[in-house]
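Taking the numbering used here, the leading residue of the sequence shown gets 233, the next gets one more, and so forth.
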Amino acid sequence: MQGKNKQLLRVIEKAIAMTLKRGDSVLLLGPRQTGKTTLSNKLLDRLPRKTEYYLQDPTMRLELEADPGKIIRQVEAISGHVTVFVDEAQKIPELFDAAQYLIDKKKANFILTGSSARKLRRKGVNLLPGRINRFYLDPLSWAELGFIKENIIRPLRMENINKKANYSIEETMVYGSLPGIVIAKESERANRLRSYSEIYLEEEIRAEALSRKIGSFSKFLELAAAESGTSPNFTKLSNESGVSSPAIKEFYQILEDTLVVERIEPFLRNARKRILSSPRYYFFDLGVRNALARLPLSKNLVNAQKGILFEHAVILELTRRIRSLGKNYKIYYWRTSGGAEVDCVLDLGKEIIPIEIKYSKNVSSSDLKGLEIFLKDYRKLVRQAYVVTLDGRKEKIANKIIRIPWDEL
Numbered sequence: 233m234q235g236k237n238k239q240l241l242r243v244i245e246k247a248i249a250m251t252l253k254r255g256d257s258v259l260l261l262g263p264r265q266t267g268k269t270t271l272s273n274k275l276l277d278r279l280p281r282k283t284e285y286y287l288q289d290p291t292m293r294l295e296l297e298a299d300p301g302k303i304i305r306q307v308e309a310i311s312g313h314v315t316v317f318v319d320e321a322q323k324i325p326e327l328f329d330a331a332q333y334l335i336d337k338k339k340a341n342f343i344l345t346g347s348s349a350r351k352l353r354r355k356g357v358n359l360l361p362g363r364i365n366r367f368y369l370d371p372l373s374w375a376e377l378g379f380i381k382e383n384i385i386r387p388l389r390m391e392n393i394n395k396k397a398n399y400s401i402e403e404t405m406v407y408g409s410l411p412g413i414v415i416a417k418e419s420e421r422a423n424r425l426r427s428y429s430e431i432y433l434e435e436e437i438r439a440e441a442l443s444r445k446i447g448s449f450s451k452f453l454e455l456a457a458a459e460s461g462t463s464p465n466f467t468k469l470s471n472e473s474g475v476s477s478p479a480i481k482e483f484y485q486i487l488e489d490t491l492v493v494e495r496i497e498p499f500l501r502n503a504r505k506r507i508l509s510s511p512r513y514y515f516f517d518l519g520v521r522n523a524l525a526r527l528p529l530s531k532n533l534v535n536a537q538k539g540i541l542f543e544h545a546v547i548l549e550l551t552r553r554i555r556s557l558g559k560n561y562k563i564y565y566w567r568t569s570g571g572a573e574v575d576c577v578l579d580l581g582k583e584i585i586p587i588e589i590k591y592s593k594n595v596s597s598s599d600l601k602g603l604e605i606f607l608k609d610y611r612k613l614v615r616q617a618y619v620v621t622l623d624g625r626k627e628k629i630a631n632k633i634i635r636i637p638w639d640e641l
């Protein structure tokens, strides 16, 4: 990896810089600790006039909560056009009205960051339609870790933007790829991830006034993390956690709203068979998932859960890559009531690409059953299917099915 003191480039960095250069405003969303503040500060350093508001600072937050209009008066006191940075803007949703006023007056453009859509959605906040460009910052993608060797699936083409990290795919499966975890010493990673989990739990409980439910939410988090990548059985989770099914649904909604889980819907287009219709949930980072599930944060975990972890890693990379590319592609999974399954269905609109994910390069005929049934049912929409494996070389292994290693995705 680049030196520890040198910041990693991020795929969306250029697009945000160009947006700011035009004088337009940015809403940068993403889970906690993905590097939103670091990236924003890097971009601010290039701008001539800026002012900053960090709402994690209790004093500043209380001051602006009491008087959101203060930001207007302070910005108007600065001569010329100014870029205003508001970190964790969702903490005071009323500031979006102030932002609109200053944008419309052509006095300022904004960088607003946020790690939760919950307050914004719940309060019907002014999200500045037509005035702001939205971006999303994930944990580090394979291009940002320097992992990519080739792009076989052309619609997902992305080149490395950093030198190869001193970090392996197996380490991402244990510790995830939050920037602070990747650059930390291996001996520090487990404690940092556990601290992240505890801070998230404490702050979300406080933010949602769930103090009476802290024990049940904590137990739910552990079980939900262990079930990551599956369609959760609410009845089973309710029985194991002692939490009612309606509360389980509410807790999953909190995880979605705070950007902690990715929701993957089943592929139902022109279904000829009975398709299972429950969504699957993937935690946004494997290190966070493993810490919340209270799994041992060591490389031995890969041996114990290699299939689950590898599938999770590939699905997360696909979601990150699609967002970084700014594409409207959709990711689904497919499973029939008879048990035929495809791990990932990439919907490009006019074409779909089914992808099976297997840790082992030894792919048996039974491993291809789901893909072959899918290819038969959707032959007019599918030109090529893939099996992504950890090792091995690119190889045609059946009609319309090619096996590819993960770093040539």
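Don't be surprised by glycine CBs; every beta carbon is placed ideally from N, CA and C. Every value quoted in this text rests on a predicted model; they were computed, and no experiment measured them.
| Item | Value |
| --- | --- |
| Is it the case that the region 520 to 528 contacts the region 567 to 579, given that we only count it when at least three CB pairs across the two stretches are under 8 Å? | no |
| Thinking just about the alpha-carbon of each residue, which of Ala458, Ala479, Glu454 and Ala457 is nearest to the one in Phe466? | Ala479 |
| Nearest CA to the CA of Ser413: which residue from Glu472, Gly519 and Tyr432? | In the sequence as presented, Ser is not what sits at residue 413; that position holds Ile. The residue with the shortest Cα to Cα distance from Ile413 is Gly519. |
| Give me, in chain order, the residues of the same chain whose beta-carbon lies closer than 7 Å to that of Ile393; leave out the 5 immediate sequence neighbours on both sides. | Leu241, Val243, Ala375 and Glu376 |
| In angstroms with no decimal places, state the Cα-to-Cα distance between Arg506 and Gly447. | 38 Å |
| Closest to Leu369 by C-alpha separation, out of Tyr513, Leu541, Val492 and Val620, would be which residue? | Val492 |
| In whole angstroms, what separates the C-alpha of Ser272 from that of Gln239? | 12 Å |
| Can you tell me the Cβ-Cβ gap for Gly602 and Glu583, rounded? I've got them flagged as a contact below 8 Å. | Rounded, the Cβ-Cβ distance is 19 Å, inconsistent with contact. |
| Along the chain, where does the beta strand (DSSP E) that runs through Pro498 open and close? | Val493 to Pro498 |
| With DSSP collapsed to three states, give me the class of Val574. | strand |
| Just to confirm, are Tyr618 and Ile636 a CB contact at a threshold of 8 Å? | yes |
| With a 10 Å radius around its C-beta and 16 neighbouring C-beta atoms as the bar for buried, classify Asn237 as buried or exposed. | The predicted position of Asn237 is uncertain, since its pLDDT is 45 and thus under 50; a value taken from the coordinates is nonetheless stated next. Exposed. |
| Can you find the residues in the same chain that come closer than 6 Å, C-beta to C-beta, to Leu487, ignoring five residues on each side of it along the sequence? | Val493 |
| Less than 8 Å between CB atoms is the rule here; does Leu287 satisfy it with respect to chain D? | Absence of chain D from the displayed structure is noted, only one protein chain being present. |
| With DSSP as the reference, identify every bridge partner of Asn365, one or two as the case may be. | Val258 |
| Exposed or buried, what is Gly235 when buried is set at 16 or more other beta-carbons lying within 10 Å of its beta-carbon? | Unreliable positioning characterises Gly235 in this predicted model, as indicated by a pLDDT of 44, which lies under 50. The coordinate reading is nonetheless provided below. Gly235 comes out exposed. |
| Enumerate in chain order the residues of its own chain whose CB-to-CB distance from Met233 is below 6 Å, with the five nearest sequence positions on each side excluded. | Only weak support is given to the placement of Met233: the predicted model assigns it a pLDDT of 46, under 50, and the question is left unresolved by the model. |
| Would Lys531 and Glu434 qualify as a contact pair, given that the criterion is a beta-carbon distance under 8 Å? | no |
| Taking its Cβ as the centre, do 16 or more other Cβ atoms sit within 10 Å of Ala545, making it buried, or is it exposed? | buried |
| So what's Tyr432 in DSSP terms, helix, strand or just coil? | helix |
| Can you tell me whether DSSP reads Thr315 as helix, strand or coil? | strand |
| Under the assumption that Phe379 contacts Asp639 (Cβ atoms under 8 Å), give the Cβ distance between them as a whole number of angstroms. | 5 Å |
| Got a sec, what are the start and stop residues for the alpha helix (DSSP H) Tyr333 sits in? | Leu327 to Asp336 |
| Are the beta-carbon atoms of Ala523 and Tyr610 separated by less than 8 Å? | no |
| Does the Cβ of Tyr286 have 16 or more other Cβ atoms within 10 Å, making it buried, or fewer, making it exposed? | exposed |
| Between Phe449, Arg281 and Arg421, which lies nearest to Val432 when the distance is taken from Cα to Cα? | In the sequence as presented, Val is not what sits at residue 432; that position holds Tyr. Tyr432 has its Cα closest to that of Phe449, out of Phe449, Arg281 and Arg421. |
| Residues in the same chain with beta-carbon distance under 8 Å from Lys302, minus the five sequence neighbours each way, listed in chain order, please. | Glu295 and Leu296 |
| Assign Ser556 to one of two classes, buried (16 or more other C-beta atoms within 10 Å of its C-beta) or exposed (fewer than that). | buried |
| What does DSSP give as the partner residues of Val619 in its beta bridges? | Glu588 and Arg635 |
| Could you have a look at Thr291 and say whether DSSP puts it in helix, strand or coil? | helix |
| Is the distance from the Cβ of Lys590 to the Cβ of Gln616 below 8 Å? | no |
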